[in-house]
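Contents: one structure, followed by commentary.
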Amino acid sequence: MTVNHARRKWLLLGIGATLTSPKIFAAQKIPAVELTSNSQQVNVSLPISGEHSRVFTMENPPRVIIDIPMQSFPPSLTHSLVVIRQKFPWITQAKIAHFTPQTARIVLQVTAKAQIKQQKAAGRLTASITVPGAAMAAAVPAVVTRETEHVQPPKKNLLVMIDPGHGGKDPGAIGNKGTYEKHVVLSIAQHLQHQLKTRHGIHAVLTRQDDVFIPLYHRVSLAHQHEADLFLSIHADGFTNDQVSGASVFALSEHGAGSAMARYLSQSENSVDAIYDNDVHTQDAYLKQTLFDLDQTETINRSLHFGHHLASNIIRVHHMHNKHTEQAGFAVLKSPRIPSVLVETSFITNHQEEQLLGKPEFQLKMANALADGINTYLNEERKEKLLG
Ligand SMILES: [Zn+2]
57 MTVNHARRKW
67 LLLGIGATLT
77 SPKIFAAQKI
87 PAVELTSNSQ
97 QVNVSLPISG
107 EHSRVFTMEN
117 PPRVIIDIPM
127 QSFPPSLTHS
137 LVVIRQKFPW
147 ITQAKIAHFT
157 PQTARIVLQV
167 TAKAQIKQQK
177 AAGRLTASIT
187 VPGAAMAAAV
197 PAVVTRETEH
207 VQPPKKNLLV
217 MIDPGHGGKD
227 PGAIGNKGTY
237 EKHVVLSIAQ
247 HLQHQLKTRH
257 GIHAVLTRQD
267 DVFIPLYHRV
277 SLAHQHEADL
287 FLSIHADGFT
297 NDQVSGASVF
307 ALSEHGAGSA
317 MARYLSQSEN
327 SVDAIYDNDV
337 HTQDAYLKQT
347 LFDLDQTETI
357 NRSLHFGHHL
367 ASNIIRVHHM
377 HNKHTEQAGF
387 AVLKSPRIPS
397 VLVETSFITN
407 HQEEQLLGKP
417 EFQLKMANAL
427 ADGINTYLNE
437 ERKEKLLG
């Protein structure tokens, strides 16, 4: 009891520091390699081990090479590469491969000569990487959709992390006609990323761009490592009753689920890691615990507000199972600081909705509604000066 209390206090102090520092997992156990980013640059931190640890540039074409003393690549690192590739327009390719049996090599192909600032301290090499004059894509002022709406141009480049549920060995729910949840939610997420950019000038990245498995806590951790401002997980789950239909929006609850449906869905989503993730390392376990044991009240309130904006836009294109943002203990929503919402776009177990989910027009309509909800929420937060 006492130990738990002390630990919680330590974690809260730790999180206080994260508001100014992106290195939120630094304390206690030092990970082998950290790949993080803010709105301007990519940061990397790795243990020093002679010529196995290097960060340098190469020409023709311009590249940044990061050598890491590491024999296998943790999935969290490869997922991070997917995120930075989408986040920075000046990174055109991001790959990792073996350079020698003892050394992994990350190659970032960049649009122009990169600037690297590096330092060595306490047995670690840290480097920040940027391409001068080509920082993150310039933020476009949000499109004014109603005449009365006065929108202030954003001062900071906002980043929305879109999380298409499931993937790889975890198919998610499967409809009667053989529609896979993992495929339809990826498609909606890709439409959403595109709509946010073209209609609202909002930069978004996906936790996965392909059919790959990502543990739930990696998804949460990716959002933190790359300083996302919002997190939206997209699903299309099944239910035991095939008559049940409609979209639902969920925020985190610290005290159990609000309804039987919310309990059922959150339990089935949370069991994903236990079923499919047989590759949990000590480091991941630490990360898991750190992320999932924090005071959430303020973030939950903002998430509920975000959920309200999404629901009021979804209802224009599809009926809602419940018009109010529900609450349940979804693991993927347990971010200490980032407003996070999970949307069940429809029930794949319902015959009509399975058909709808497979249609590109419906996927696009749903993506548009989500994009509008994200845009109006961010505009409101800007006005309240909660965001840059
Ligand atoms: Zn799902």
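Just so it is clear: in the sequence shown, position 41 is 97 by my numbering, and no numbers are missing. Here a beta-carbon is modelled for each residue, glycine too, at the ideal position from N, C-alpha and C.
message = Using a Cβ-based criterion (distance less than 7 Å to any ligand heavy atom), does E310 qualify as near ligand 2?
response = Ligand 2 is absent from the structure shown, which contains only ligand 1.
Indicate whether L215 and H259 have their beta-carbon atoms separated by less than 8 Å. Their beta carbons are under 8 Å apart, which means L215 touches H259 by this criterion.
* Can you tell which of S109, A183, D293 has its C-alpha closest to the C-alpha of S324? -> For S324, the nearest C-alpha among the options comes from D293.
In chain order, what residues of the same chain have a beta carbon less than 6 Å from the beta carbon of E90, not counting five sequence neighbours either side?
S101, listed in sequence order.
ask   = In this structure, does DSSP put S327 in helix, strand or coil?
value = Assigned with DSSP and collapsed to three states, S327 falls in helix.
Quiz prompt | Three-state secondary structure assigned by DSSP to N99 | solution = Here N99 sits in strand by DSSP.
Status (buried if at least 16 other CB within 10 Å, exposed otherwise) for I290: The residue is buried, with at least 16 neighbouring Cβ atoms inside 10 Å.
query: Over what stretch of residues does the beta strand (DSSP E) that includes L389 continue unbroken?
result: For L389, there is no enclosing beta strand (DSSP E), as DSSP marks it with neither H nor E.
Based on DSSP bridge pairs, tell me the residues matched to P145. Residue pairing by DSSP places P145 opposite no residue, since no beta bridge is assigned to it.
So, helix, strand or coil for L214, using DSSP? Look at L214 here: in three-state DSSP terms it is coil, with no helix or strand label.
Point to revise | Stretch-stretch touch, CB-based, cutoff 8 Å, three pairs: the segment 178-192 with the segment 150-163 | key: Counting Cβ pairs under 8 Å, fewer than three are found: no touch.
query: Which one or two residues does DSSP pair with E90 in a beta bridge?
result: S101, per the DSSP bridge assignment.
- Task: Go ahead and pull the three-state DSSP assignment for P220.
- Result: Of the three classes helix, strand and coil, the one that applies to P220 here is strand, per DSSP.
**Q.** C-alpha distance - I331 paired with F362, whole-angstrom precision
**A.** Their Cα atoms are separated by approximately 30 Å.
Candidates N99, P220, P395: closest to Q246 by CA position: The shortest CA-to-CA distance from Q246 to any of N99, P220, P395 is the one to P220.
Sorry if obvious, but does the Cβ on D219 come closer than 7 Å to a heavy atom of ligand 1?
No, ligand 1 has no heavy atom inside 7 Å of this Cβ.
What would DSSP say about I244, mapped onto helix, strand or coil?
In the structure shown, I244 sits in a helix (DSSP, three-state: H, G or I).
Q) Taking 7 Å as the line, does the beta carbon of A229 fall inside it for any heavy atom of ligand 1? A) Yes, the beta carbon of A229 sits closer than 7 Å to at least one heavy atom of ligand 1.
Next on the checklist: I need the straight-line Cα distance from G429 to I370, nearest angstrom please.
Outcome noted: Each residue's Cα considered, the two are about 8 Å apart.
Taking 7 Å as the line, does the beta carbon of H291 fall inside it for any heavy atom of ligand 1? Result yes, Cβ under 7 Å from ligand 1.
Notebook entry, point to check: Short check: CB of S304 to CB of M376, under 8 Å?
Noted result: With respect to the 8 Å criterion, S304 and M376 are classified as neighbours on the basis of their beta carbons.
Establish whether the CB of S309 and some CB of chain C are separated by less than 8 Å.
-> Here chain C cannot be found, since the structure has a single protein chain.
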